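One structure is given here, and the rest of the page talks about it.
Numbering (the numbering used here), first residue to last: 1 to 84.
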């Protein structure tokens with residue numbers, strides 16, 4: 001499999017319909033826009049299901065996925081300002 005592996009449990013859907021990667025501490029990455037943002041854990045609707053991952057795959061954001069990981073084609077670098 002190619003791409004950047006992210007644990008499948010980190011890939012979530014927000015109540016607003018945004019597909020995101022949950023980096024914890026309220027930091028998320030909007031998968032479609034490639035932008036980091038802050039949100040509350042209560043904004044998470046559910047962990048991404050196969051239908052969500054298939055949709056992201058059709059859009060070209062996901063190369064492949066398995067039971068443990070989702071392999072993303074391109075992910076922006078984690079901003080240093082959020083790492084501090």
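The C-beta atom is built at its ideal place from N, Cα and C for all residues, glycine as well.
Just so it is clear, the structure is predicted and the values come from calculations on it, not from any experiment.
Item                                                               : Value
Residue 80, DSSP secondary structure in three states               : helix
Segment limits, alpha helix (DSSP H) that includes residue 68      : First-last for residue 68: undefined, no H or E at that position.
Beta-carbon proximity of residue 11 to residue 47, cut-off 8 Å     : yes
Reference residue 61; option with closest CA among 14, 15, 79, 21  : 21
Reduced DSSP secondary structure (H/G/I, E/B, other) of residue 75 : coil
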